[in-house]
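Residue numbers (the numbering used here), protein chains in the order written: chain A, 13 to 476; chain B, 0 to 448.
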């Protein structure tokens, strides 16, 4: 160490400094427990901060919505804290506010997640509230009416947001009307408008089951401390019978073509291009992830470097796989200068096509594997991150040693693996192109893609 | 206070005036580096709005020893998270790296602090100008209510006030920015003596201090910048604006001039706005959303900045409901707040929420780096990060209402954003009369509304 104020020896600025030896990623041990109801507990201790995250994973996602009743699962989750046998909505809200905690339930395609974040000194109080809303919801009629009306209004509001209109309509186009992944978990004005309180009670009875759920706890607590509290508050809750979820229909062949939703005067065009691709349990998870990082999964990806840093067409463009229980989508996305929409779509298709045809170079392969491994070292810093990692294992039934083997699995990806996955998932001719834009200003540019005339859709993604 | 441990750190300055702060925590193999410059959009001049933020973009386009594209490439190769942000008051740059790559991050930050101008050219400027214009479209022009805050700032601060223009800038000014503007901005504001660097996470103290010395000490000191005086919004009268936009639902914004950041009044208004709108049982949410069901949502927030602040309440109407009845209800709630007082329970709940929020910022190396850098830059003392919770302690109902009275008894801006052709849904041009004088009520034991 050079003393403060003394001259520092010169150094070579012309090349990047070499790294120090790799830090060891120490994965926190996962402790297991179970309540008398069969509810599984997974606990990771983190004592750096006086906080605890408590999350439950329920196998009751939007894909369980009864036919014609999309929005049921998410509205059920939202109504949990709107009243219990012991407390009304205002008392629950006030109690949560008082301890400075946050309590929320969120529904995705495959599952519903309940999350409590609290300071550890309020943990017991927080768990009591969490358990009460999970095990004893009363679904008061007044609250059902109020939240249904709020949901209907937010579905109206959603039409104002071009990015969300594009994403929802894109899923509807590539999965079709029949597949659950084609539906917005929030439902439609029509489906939500038809829901009754009985639909909510029925969904809760059928799909909230302790033996089918896992409770994840991460933070400043210990098993011996928390288990008795959980047993006292949740040990009696069994919920409904465990049911095997119905098999989802396979995604339809994507109707390749160009779909356009008119947004008169829009200064920017939201574009989505893609098709159904891979499920979370695919053996190709690692090759697909390595490939996507090169194509559009980071700032210095091919897509972003071309469309942002070379052409200035966008604030950011990316590609993603969403891995779900059933094959989820692959897509590229971004908002692009309205006047150059055709050019943007053309370049995105060219980038997808190049990857489909040629795969990655050895240099890109190494760059991507190394970056993913480095990112892995950074991903267990907060209780939220650790809880999220556990949630992935629980929800998709991954092996307990999944994260121990992560780096090794990454390292074994070859360019031939990437080539195989690119061939099977990235055929641009099998992909739909969906655009939310000023139709008059962009139609010509989109026709020059050579994919025929654009099919006009309304703001929900239905043909007009 | 119980629970939250204070952040320990070492602070010193290099001979060129760069302030260095080191916070060690080996829990995770992570190092966060944050450099914060005391320059933001308020240092711009009218006609060149958006320059500070456009400049931030150019800081990622390489410097004299780092070719274009390499900054991101080198950091993404190691899985780092990387970003920068510009506000009215400051600009920051950070990277969170696996801890064995700390030196790489220091090299990159020192190179762009010391060696940027030679690497900036017209092509890079033109490219990032297009990117920033798309950022403006993406985050403001093509989103519902996206330009509301721009309108409010213009009206509440008035012409010439450095907070009256938006950080993102106008399309015209972005088009006008020249290479010379960019270089002048760098020379003026991007000097070591106008910046600080924080390293937080898992590293060897002596090694880090040595690297920081070797990379940053040779950079030349810049000229000293004048201290900025407080400059509250001088709103001389109530303003009422109606804007027809492509939205489905009308939204009402009410904005008052408020206290600057870091003051006791700022903390008091933070607590008061929490009492107004946080949770179903809050003063505004309960009548507007829960009981009368005339609003879809409501939020109240204090935005204290370095030289001035504002307090805003915004509420979105249910379909086809007008904003007049919402405006009236908000004013009635504020009036009742002063008539009935606030309860100790409300104050305690707001405090507990604040404590949890501050605890959340201590969970990551980046959060700690940001807290130290921000407090150092905007208050001159990083230790204020550890004092933040103290600003929220010992608040009495009287003190709270006195601070609220100073804000709500002044003039305010009313912005109505309504669907096209529906200006009839706007609030009346004259705000509802309020009978309170800003004097706190004596009886604070009164019940809730």
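C-beta atoms are modelled at their ideal positions from N, C-alpha and C, and glycine is treated no differently.
Interface residues of chain A facing residue 77 (chain B) [CB-CB closer than 8 Å]: 31, 382, 383 and 386
Contacting residues, own chain, Cβ-Cβ under 6 Å from residue 230 (chain B) (five flanking each side not counted): 306 and 307
Interface positions of the region 44 to 66 of chain A facing chain B (Cβ-Cβ less than 7 Å), listed along the chain: 60, 61, 62 and 63
Exposed unless 16 or more other CB atoms sit within 10 angstroms - verdict on residue 468 (chain A): exposed
Secondary structure of residue 286 (chain B), DSSP reduced to three states: helix
Beta carbon proximity, residue 172 (chain A) to chain B, threshold 8 Å: yes
Per DSSP, cross-strand counterpart(s) of residue 313 (chain B): B:252 and B:298
Chain-ordered residues of the region 143 to 171 of chain A with a beta carbon less than 8 Å from chain B: Of all residues in the region 143 to 171 of chain A, those with a C-beta nearer than 8 Å to a C-beta of chain B are 158, 161, 162, 165, 166, 168, 169 and 171, reading in chain order.
Proximal chain A residues relative to residue 140 (chain B), where beta-carbon distance stays under 8 Å: 279 and 280
Runs of alpha helix (DSSP H) wholly within the region 288 to 368 of chain A (minimum 4 residues, chain order): 297 to 307
Contact check, residue 99 (chain B) vs residue 407 (chain A), beta carbons under 8 Å: no
DSSP beta-bridge partners of residue 238 (chain B): Its beta-bridge partners are B:412.
Burial state of residue 426 (chain A), where buried means 16 or more other Cβ atoms lie within 10 Å: exposed
Reduced DSSP secondary structure (H/G/I, E/B, other) of residue 269 (chain A): strand
Assigned secondary structure, residue 22 (chain B) (DSSP; H/G/I helix, E/B strand, else coil): strand
Below-8 Å beta-carbon distance, residue 315 (chain A) vs any chain B residue: no
Reduced DSSP category for residue 433 (chain B) - H, G, I as helix; E, B as strand; rest coil: coil
Euclidean distance between Cα positions of residue 480 (chain B) and residue 172 (chain B): Any answer about residue 480 (chain B) is impossible in this case: the structure gives chain B only from 0 up to 448.
Residue range of the unbroken beta strand (DSSP E) whose run includes residue 85 (chain B): 80 to 85
As assigned by DSSP and simplified to three states, the class of residue 84 (chain A): helix
Inter-residue spacing [alpha-carbon to alpha-carbon] between residue 155 (chain B) and residue 159 (chain A): 35 Å
Beta-carbon proximity list for residue 431 (chain B), same chain, < 7 Å, skipping 5 on both sides: 326, 327 and 330
Same chain, Cβ closer than 7 Å to residue 235 (chain A), neighbours up to 5 away in sequence not counted: 43, 45 and 55
Segments of 4+ residues assigned as alpha helix (DSSP H) that fall wholly inside the region 48 to 112 of chain B: The qualifying runs are 50 to 57 and 69 to 75.
Pairwise C-alpha distance: residue 141 (chain B) and residue 163 (chain B): Note on geometry: alpha-carbon atoms of residue 163 (chain B) and residue 141 (chain B) lie some 21 Å from one another.
Cβ pair count under 8 Å reaching 3, the region 110 to 121 of chain B against the region 59 to 79 of chain B: Result yes; three or more Cβ-Cβ pairs closer than 8 Å.
Exposed unless 16 or more other CB atoms sit within 10 angstroms - verdict on residue 423 (chain B): exposed
Sequence ranges, alpha helix (DSSP H) only - wholly within the region 336 to 423 of chain B, length at least 4: 343 to 360, 364 to 378, 383 to 386 and 396 to 407
Min CB distance residue 91 (chain B) to chain A below 8 Å: With 8 Å as the cut-off, residue 91 (chain B) does not count as an interface residue toward chain A.
Nearest-angstrom beta carbon gap, residue 353 (chain A) and residue 449 (chain A) [assumed within contact, 8 Å]: 6 Å
Residue 77 (chain B), buried or exposed, once every other Cβ within 10 Å from all chains shown has been counted against 16: buried
Cβ contact (3+ pairs, closer than 8 Å) linking the region 149 to 166 of chain A and the region 244 to 253 of chain A: No, the region 149 to 166 of chain A does not touch the region 244 to 253 of chain A.
The region 106 to 135 of chain B: positions lying closer than 7 Å to chain A by Cβ: 106, 110, 126, 129, 130, 133 and 134
Chain-ordered neighbours of residue 37 (chain A) on chain B, where CB pairs are closer than 7 Å: 28
Beta bridge counterpart(s) of residue 30 (chain B) as assigned by DSSP: B:96 and B:200
Cα-Cα separation, residue 263 (chain B) to residue 321 (chain A): 44 Å
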